[in-house]
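A quick write-up on the structure given underneath.
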Amino acid sequence: MKRLVFILFVYVTKIVPAEITPTTLKHSIIIVMGSSCSGKSSIAAQLQRLLRTDKASWRVVDFDEVGESLENVVSATQKLLETECNVIIDTNTYEDWVEQTLSLRAIVFKVRIYAPLEILLERDAQRTKKHNRTEERAFWARDFVIKSDKDSKQWKTDIQVSTDTGIQDKKESILICCNQIVSAFFNKGFLC
123 MKRLVFILFV YVTKIVPAEI TPTTLKHSII IVMGSSCSGK SSIAAQLQRL
173 LRTDKASWRV VDFDEVGESL ENVVSATQKL LETECNVIID TNTYEDWVEQ
223 TLSLRAIVFK VRIYAPLEIL LERDAQRTKK HNRTEERAFW ARDFVIKSDK
273 DSKQWKTDIQ VSTDTGIQDK KESILICCNQ IVSAFFNKGF LC
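Residues in the sequence shown are numbered consecutively from 123, following our numbering.
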């Protein structure tokens, strides 16, 4: 498989405080958000591999791995920005203040990953078997899939990408999604 390499150029198209200029706003954040079981983590990991170059480092901040707190997501992201990294945030919840806070430090690009509810529930059932969930835990996990699917449909994003694996195998689906995301990122003027 050929590895795609992209050169990152950032253009600022919104009004920002005087101390922030296109030359000081060097970093990008891609927020990969969607319902539980939508494929966010797989896509975030693949994006990290695709976007990495000698001059552009990308790290993933996973909502689940920072205590399931948006405040912790923002804090971890800000720390990575200080180390000259671009960031991919993997989250199944979202609030507008996250973008408002982070957009002062970096360009923010939001992606909603989705799949039909039937596929999300099928993936959750597979996770239940894989992780040997108790009946009670399986009930709450299934309920969360349904709730997060409903909530995610309300989020305003730059692009929406489907991971409906009923059409392709998982690896192919992830690559197609990543190519759509990178293409949209490019079309917004963030990648050349």
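Glycine residues also receive a C-beta, built at the ideal position from the N, C-alpha and C atoms.
These figures come from a predicted structure and were not determined experimentally.
Asp212: not part of any alpha helix (DSSP H); member of the beta strand (DSSP E) spanning 208–213, first to last residue. The continuous alpha helix (DSSP H) containing Ser295 extends over residues 292–309.
Going by DSSP, Ser160 is part of no alpha helix (DSSP H) at all; its letter is neither H nor E. In this structure, the straight-line span from the alpha carbon of Ala247 to that of Gln168 is close to 24 Å. Taking the Cα of Trp219 as reference, the smallest distance to any Cα among Arg171, Val233, Val195 is reached at Val195. With a 10 Å radius around the Cβ and a threshold of 16 neighbouring Cβ atoms, Leu226 comes out exposed. The way I'd put it, the stretch 260–273 does touch the stretch 229–247; three or more beta-carbon pairs between them come closer than 8 Å. By the C-beta density criterion, His253 is exposed, having fewer than 16 other C-beta atoms within 10 angstroms. In the structure shown, Gln276 adopts coil according to DSSP, grouped into three states. For the 9 Å CB-CB criterion, Ser150 and Ala228 form a contact. Residue pairing by DSSP puts Lys232 in a beta bridge opposite Ile153.
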